[in-house]
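If you count by my numbering, then the sequence shown holds residues 241 to 993, one letter each, in order.
All C-beta atoms, glycine included, are put in the ideal place defined by N, C-alpha and C.
Being a predicted model, the structure only gives us computed values, none of them experimental.
Worksheet: the structure to be examined is printed underneath.
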Amino acid sequence: MQPPPRKVRVSQELKQTHTEQLSRLHIKHQTECELLEDLRSFSQKRAAVERDYAQALNKLASQYLKREWPESLAGEPGGEPTPEPGEEHRTVYCVWRSYLEATLQTTQTRISACDNYKVQVAEPAKTARVQKEQQLRKCVEQLTAVQAELQDSVKELTKTRKKYQEAQTLAQAVRDKAELDAKSKLSLFQSRSSLQRASVKLKAKRSECNSRATHARNDYLLTLAAANAHLQRYYGNDLLDCIRVLDGAVYEQVKDCLVSLCQTELESYRAVHHTFNQLLISSNGVQQDFHQQLFVQKNQVFQPAPDFLYQPSESDPVLQLQRDSGTAEEHSLDKEARKWASRVAREYKSIIHTQRALEDLASLDPEPGGSELEPRAELARQSLRRAETLKAKAEARLDLLRQAGVAVETWLKSAMNQVMEELENERWNSLSPHDPSLSGTADLEREDEETEDSGEVLDDSSSSPSSTLKNYPLTCKVLYSYKASQPDELTIEEQEILEVIDDGDMEDWVKARNRGGQVGYVPEKYLQLPSCSSLLSVLQSLAALDARSHCSAEAEAEAEPRPGSVNGDSSVSLAKALYDYAGQTDEELSFPEGAIIRVLSRDTREDDGFWEGEFNGAVGVFPAVLVEDLTSGGESRDGQRDGGAQAPPSPRSPLQPLPLHSSPLQTPTLSSPGSSPRSAGASPIGRPPSYHNGHHRAPPTPFHSPGQGPPQPPKYPEAGPSTIRPVRAAPPPPKQHPRGQVKRREEVEITLV
């Protein structure tokens, strides 16, 4: 009986594979250099023996025909990949051999072409070989770095598997001991109470060991998913990129040399036109992608390796993530989901920035030396590759968490909305005009377009259950009957069909027309308004809605309160809760909607979109997307520093534009204190200070501690376009849940910029 085969460590096997790959790439490089050297030497010798052409050329061509190319590079006629219809792809080695054979056939009809061979073949081949040496060093450095990253991922996988096995072994030992104690009988010198205490301790220890084993298993599974994603990324992208770097433009250069040889022969001898015309077609069919495909197909070591498999302990039947409701593991998995969702969003933002940087570098005119743009572009490409790899690993973890039943989409949607908001703000900032004359021209054009397209209006009702963007007229159905109590109101009946033609003159009211042609105001909550079908339809409808004039934005910004200062102190950082939130763990902060939170830190240990704050004496972290920053829009003035008197607000502090998305978790971005008036006025639509995320809100009340004096009310202009309309409270609909309105609003909330 033969002993079982030795188990090779995954890391050692991976290192051996990487070493073999480097060796094969060196062989490939050496073979290509030999090909270039053959081309160069052939052209030189061809020029030397051109005078005594017939016999000398026949001997020379026969000498080069004797070389045997490796099968993995030259390829066989039956083993080459199938070309596309209408295309002919052949390897450079086959084309080269065909050329030598044609040369043997036409040695008697050649004439001297020494200069053409020297200029078009010999010198380019020598230059190409020098470039190949540089490309080899670059490829080896890049491949070594990529392989080191993959080996680090495998080492991390090995460590987590070891921790998992140790935790599982300890948990199994405790379980065995508990079962043994349960079967043992009461001895003479033991009391029942002592046995019960020992049993309680043993159960607690068993529970703790089981929890550790579960955590170690989950960590192992997550690391395994990330390692598999990295492995797929390595074989699918990184390895092929290294091969592409190694090849460089050698096949294009070889193609040029072959084409030059063929063209020289055709121009010199019309008698052999047919033979070398076929060689010209074959030479033009040389493609780098075809050679890479053939090389990978012939060398199995470059084929994608199988995924790493999960290796559970012998006594562990669980093969996937476990999530027990109400336990610490549930919160741990939720925290992992939040963490990796933030990582996906962050890497997505990094990818967008890097792609923009590459596009900017590509649009620049290269300098004569070209020594600055290429290193920057290469650094950007490496950053893009690393970001895509990290994003793929994080997405693999999220997929595994999603399969385990974790609410991944909630965290991912929140993180992506925040990133899209930041990207949209950056885009608007980049589009801000820098020339006042251009700004005025743009404003006039926007006013003309706004006059032409007046069919779209904004709904400024924060309590409206419908979307914040409505195109009138709208056909809706009456949910509850209502009897008019004012002359300008309209009596409606349940299930009646109305046509909403305009906003109401007050909050929660709309102007509607019934089938009889009667027009009047009705409560908006009594109607079933159509909601937005998709974000795309909203974006298309917003495409025709232009910005108001820059002067209107300035006039509306004058009435904006300054919630960032508390009794003249601008150093206090405050935030207002937009929604109720209950902390998922002990370190998270709970607060109701409308609560004023003191922000202690915006930089936590993990960049997962959480801030640290204080509320009612409790300190903890909370999601930044659930609050409105009250400190980023204010700008300190000298008058506030003197006697505590509150100066009028800054005339230019409009809100920066926010992106359009359908998530209810949105964070408004205010203009920074150091922003210039020109950049602050770049918003295409000026909004009154009582607007937030497209909804009409009351101005926030400045926060003050009990030890301070009564807060001074903000000074608003007595008259202006941003004055809040008088509110006539609409009657609540019958049988309506008190929080139903908020729930409907959280289903889809679209911010208008």
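- Excluding residues up to 5 positions away in sequence, 577, 580, 581, 584, 648 and 652 lie with their Cβ nearer than 7 Å to the Cβ of residue 638 in the same chain.
- Check the Cα spacing between residue 388 and each of 522, 479 and 824: the tightest is with 479.
- A straight line joining the alpha-carbon of residue 662 with that of residue 850 spans about 16 Å.
- The three-state reading of DSSP puts residue 295 in helix, counting H, G and I together.
- Beta-bridge annotation (DSSP): residue 286 is not paired with any residue.
- Checking the DSSP bridge columns, you'll see residue 828 partnered with 861.
- Minimum Cα-Cα distance from residue 297 among the listed residues 309, 283 and 307 corresponds to 283.
- In this structure, residue 852 keeps its C-beta atom at 8 Å or more from the C-beta atom of residue 870.
- One thing to note: residue 855 has its Cβ within 8 Å of the Cβ of residue 835.
- Listed as beta-bridge partners of residue 768 by DSSP are 717.
- Measuring C-alpha to C-alpha distances from residue 378 to each of 365, 349 and 482 identifies 482 as the nearest.
- A contact between stretches requires three or more CB pairs, one per stretch, nearer than 8 Å, and the region 447-456 fails this requirement with the region 617-631.
- Rounded to whole angstroms, residue 529 and residue 357 show a C-alpha spacing of 28 Å.
- The region 361-372 makes contact with the region 267-282; the number of CB pairs closer than 8 Å reaches 3 or more.
- For residue 854, the enclosing beta strand (DSSP E) covers residues 850-855.
- Taking 8 Å as the cut-off, the beta carbon of residue 350 is found closer than this to the beta carbon of residue 293.
- The beta-carbon distance between residue 574 and residue 659, rounded to whole angstroms, is 20 Å. This is too long to meet the 8 Å contact definition.
- The Cβ neighbour count for residue 748, taken over all protein chains shown within 10 Å, is at least 16; the residue is labelled buried.
- Judged by DSSP in its simplified three-state form, residue 821 adopts strand.
- Taken through DSSP and simplified to helix, strand or coil, residue 815 comes out as strand.
- Rounded to the nearest angstrom, the gap between the Cα atoms of residue 971 and residue 464 is 58 Å.
- Between residue 541 and residue 264 a beta carbon distance of about 6 Å is seen, short of the 8 Å cut, so the two are scored as contacting.
- Our two residues, residue 505 and residue 588, have alpha carbons roughly 54 Å apart in a direct line.
- It is roughly 53 Å from the alpha-carbon of residue 343 to the alpha-carbon of residue 592.
- Buried is the label assigned to residue 473, since at least 16 other Cβ atoms lie within 10 Å of its Cβ.
- Excluding its 5 nearest sequence neighbours in each direction, residue 401 has C-beta neighbours in its own chain below 6 Å: 460, listed in chain order.
- In the DSSP assignment, residue 370 falls outside any beta strand (DSSP E) and lies within the alpha helix (DSSP H) extending over 363-423.
- Assignment of residue 615 by DSSP, reduced to helix, strand and coil, places it in the helix class.
- According to DSSP, residue pairing for residue 738 in a beta bridge involves 716.
- Taken through DSSP and simplified to helix, strand or coil, residue 728 comes out as coil.
- Its chain contains 718 and 721 as the residues whose beta carbon lies nearer than 7 Å to that of residue 733, once the 5 sequence neighbours on both sides are disregarded; these appear in chain order.
- Between residue 290 and residue 353, the beta carbon gap of about 7 Å places them in contact (Cβ cut-off 8 Å).
- Rounded to whole angstroms, the gap between the alpha carbons of residue 254 and residue 391 is 7 Å.
- C-alpha of residue 486 to C-alpha of residue 531: approximately 13 Å in a straight line.
- Close CB contacts of residue 269 within its chain, under the 7 Å cut and outside five residues either way in sequence, are with 372, 376 and 486 (chain order).
- Ranking 859, 730, 433 and 497 by CA distance to the CA of residue 332 puts 497 first.
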